[in-house]
Amino acid sequence: MESVQQTITRVSQELNCSPTSRRLAEHLDRHDELQKLRQEFLVPKISDLPPYCVYFAGNSLGLQPKNTKKYIEEELEKWATM
């Protein structure tokens, strides 16, 4: 199996561009087999954030799955009627 570094090196050579180029990043995004999963999450819009805010989607919590609110409300309802 090819490492991430090997993939980046190989594809950037195929595209004849730098491994840090926007062209490579956009190519990898277009060919990402997990790309469809992005629609499962709430992605903040710049207009919803304060002007002084920088949003980092990290590994701790990351983006909120769209179903989260529904599941939490279901559990709160169960709790309320115990």
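Here the numbering used here is used: the first residue of the sequence shown is 86, the next is one more, and so on.
We treat Cβ as the ideally placed atom computed from N, Cα and C, and that holds for glycine.
Between the Cα of residue i and those of the options, spot the shortest distance and give me the residue it belongs to.
i: residue 139; options: 155, 130, 158; result: 130
Checklist entry - Counting pairs of Cβ atoms below 8 Å between the region 122-132 and the region 89-99, do you hit three or more? => result These segments do not touch.
Item to check | In chain order, each beta strand (DSSP E) run of at least 3 residues that lies wholly inside the region 93-161 | outcome: At a cut-off of 3 residues, not a single continuous stretch assigned as beta strand (DSSP E) sits fully inside the region 93-161.
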